[in-house]
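Residue numbers (the working numbering): 1 to 708.
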């Protein structure tokens, strides 16, 4: 079967690919996610699920115990206050359910992202070539039967069925289903733009591609697996914090358990009062253990992965997201990251006896039909400096002279008038071939521009050397301020470039980076990363080429460009779907926001306990030790009201903090010491004061409703 006798419609799916991931614009409490999250919260009451979170498992067990005590109180009317036990039991169940709901809501956002990605996994048939060459016969092959190494043909209108490397051809590819960007990209054999992703669509021409993955290993499969919240593995810092929370829980559990015999002994010795009840001890335990952060810890981690996905970055591990927050060295490529990526016209330097305006006019004429970024920038600079408007070649009766590897210059012919621009040596030979002189002053300008890292283009108008256009790398606007923010946070920025040291130094100074590596080879990059890591630093870098793969594999946070090679994407632990090198700065911010959120809520949770001490401990033991009444600084209505208020507050505070856990603490580029002080002031002091107000308010409401 050949491509001439079978249309692509018979082979490719007609499903419309999404322009961007559906979950990007979901609100925090989108109705489409809230209802499933509520249902999942109940499903997570499975003991096997609860065991994954030891802190909340204690609350879970306490809920069952108080429920049993409530039923016992109903059956034995004078045994205990059934209403009090019921309120405590319901508050504990709500605490567990709210924690489950927070995690389910965070996972729901990830599942919505995964659902939008599954649209890309269509039931396609690939065009499997008999021999790896365009024009050979092909036969339809189900995508499920594709194996690594098979060679396929994709033509205009076809959906690329699987991740692959281009081995022949060049084509325009629509990657909007992956990146959200509507502009097509060029994919061709060889170089750093030979990788194609399954689920994208060929818009023009054709490609012969070699499958680079086996079934289930495609990029889309990995994306779906990683954005599914349930697939997320706990990060090292999260595990360490969990161990701390478990240790605190065990300590408070031991303390609480010993309080019962102590209370019984105290009553027996005193001969008066009554021992503390099991229900009160459970309430005390739940309020003392770090339930707030314990209930939100998983949701914070899932939400961090989700925020990374919303930034169009796929992290292949939660460890990478967390490491991004600890990064203290950033290695950044110069081109496309620090500079715009294309050299731009920066100045017109006229030859003797020529005005700058005359040079600009001639340079603009020579660039009329030049659609390269450099050519367009010359026209823009001429307009900005001298208001020289673009002229139509048709009205000038002119013909365009394109750049070729042989002539190494381009320009325009207007009748017998020839206007040219090109490299200095080329233009010098051109002028001398016409029997005209090449000014020494222009040669000196050319040398000066080259010495400071620019690119000189000499303009000649009808045999006369008009002067030089200086092209140089343009540092992106605002990038210097971003680097200053990173420096303030204690992060060192290092620019990596293949330019010579003089050029690199000039751009580094203009961009405001802390250091640079010039004339960099893959071995140099790897050596530099290892040098920083040997000093205890965490290093992040971006890359897109096969030659970047060793350094990406070595870096702690390695962001591969989606437009790059398969080798780069496999070496990195993150993939930027937008292929935007500056995304590394945003990734670091998201990682730091994750750590800040976890730290802030941990501080708030621990600080919360102080108010609960003043509420529950006096209420629990005042009958045995009347002196403890002095600790009731909130002047709560009764011991029953105090305990109920504290337990209800303990449940409600999780609800209040769910938006903060999902959205994250607002990121600010501040130093570690300032962040610590701010964290202690807002979440430490706030964590102390808020419960006093909240518990007292709940106490007043319970009293007003005659519930105590």
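Backbone N, C-alpha and C define an ideal beta-carbon position, used for all residues, glycine too.
None of these values were measured; they are calculated from a predicted model.
Beta carbon of residue i nearer than 7 Å to that of residue j
i, j, result
"residue 459", "residue 421", "yes"
"residue 734", "residue 708", "Past the boundaries of the shown model lies residue 734; the chain is included only from 1 to 708, so the question cannot be answered."
"residue 651", "residue 94", "yes"
"residue 207", "residue 154", "yes"
"residue 413", "residue 388", "no"
"residue 605", "residue 683", "no"
"residue 98", "residue 37", "no"
"residue 96", "residue 156", "no"
"residue 327", "residue 35", "no"
"residue 343", "residue 471", "yes"
"residue 507", "residue 473", "yes"
"residue 768", "residue 33", "Residue 768 is absent from the model: the chain starts at 1 and stops at 708."
"residue 313", "residue 576", "yes"
"residue 645", "residue 695", "yes"
"residue 543", "residue 568", "yes"
"residue 339", "residue 475", "yes"
"residue 316", "residue 573", "yes"
"residue 144", "residue 196", "no"
"residue 423", "residue 408", "yes"
"residue 292", "residue 698", "no"
"residue 503", "residue 453", "yes"
"residue 592", "residue 551", "no"
"residue 446", "residue 439", "no"
"residue 760", "residue 162", "Within the shown structure, residues of the chain are numbered from 1 to 708, placing residue 760 beyond reach of any answer."
"residue 54", "residue 246", "yes"
"residue 267", "residue 275", "yes"
Residue i, DSSP secondary structure in three states
i, result
"residue 446", "helix"
"residue 495", "strand"
"residue 489", "coil"
"residue 694", "helix"
"residue 543", "strand"
"residue 311", "coil"
"residue 370", "coil"
"residue 194", "coil"
"residue 269", "helix"
"residue 248", "helix"
"residue 329", "strand"
"residue 550", "helix"
"residue 704", "helix"
"residue 335", "strand"
"residue 25", "Bear in mind that the predicted position of residue 25 carries a pLDDT of just 48, short of 50, making it too unreliable to give a figure here."
"residue 162", "coil"
"residue 289", "coil"
"residue 211", "strand"
"residue 388", "coil"
"residue 236", "helix"
"residue 54", "helix"
"residue 261", "helix"
"residue 721", "As shown, the chain starts at 1 and ends at 708. That puts residue 721 outside it, with no answer to give."
Bridge-paired residues (DSSP) for residue i
i, result
"residue 461", "419 and 464"
"residue 561", "576"
"residue 84", "Per DSSP, none; premise fails for residue 84."
"residue 409", "422"
"residue 204", "172"
"residue 138", "129"
"residue 186", "172"
"residue 155", "206"
"residue 472", "344"
"residue 414", "398 and 417"
"residue 516", "495"
"residue 107", "For residue 107, which the question treats as bridged, DSSP gives no partner whatsoever."
"residue 455", "471"
Completely contained beta strand (DSSP E) runs for the stretch 574 to 655, where each covers 3 or more residues: Counting only runs of 3 or more, we get 574 to 576.
Meets three-Cβ-pair contact criterion under 8 Å: the stretch 346 to 358 and the stretch 610 to 617: Fewer than three Cβ pairs drawn from the stretch 346 to 358 and the stretch 610 to 617 lie within less than 8 Å of each other, which leaves the two stretches out of contact.
Inter-stretch contact at 8 Å, needing at least 3 Cβ pairs: the stretch 653 to 664 / the stretch 576 to 585: No: fewer than three Cβ pairs fall under 8 Å.
Segment contact flag, the stretch 236 to 247 with the stretch 319 to 339, C-beta cutoff 8 Å, min 3 pairs: Two segments are said to touch when three or more pairs of C-beta atoms, one from each, lie closer than 8 Å; by this definition the stretch 236 to 247 touches the stretch 319 to 339.
Touching by the beta-carbon criterion (3+ pairs, under 8 Å), the stretch 362 to 375 and the stretch 529 to 546: With the cut-off at 8 Å, the stretch 362 to 375 and the stretch 529 to 546 do not touch.
Sufficient close CB pairs (3 or more, under 8 Å) joining the stretch 272 to 289 to the stretch 247 to 260: At 8 Å Cβ cutoff, the stretches touch.
contact_flag[the stretch 59 to 69, the stretch 621 to 638] where n(CB pairs < 8 Å) is 3 or more: Contact check between the stretch 59 to 69 and the stretch 621 to 638: fewer than three CB pairs, one atom from each, fall below 8 Å, which does not count as touching.
Segment contact flag, the stretch 69 to 85 with the stretch 129 to 145, C-beta cutoff 8 Å, min 3 pairs: Too few Cβ pairs lie closer than 8 Å, so no.
Contact between the stretch 297 to 308 and the stretch 505 to 519 (3+ Cβ pairs under 8 Å): Taking 8 Å as the limit for Cβ pairs, the verdict is that the stretch 505 to 519 does not touch the stretch 297 to 308.
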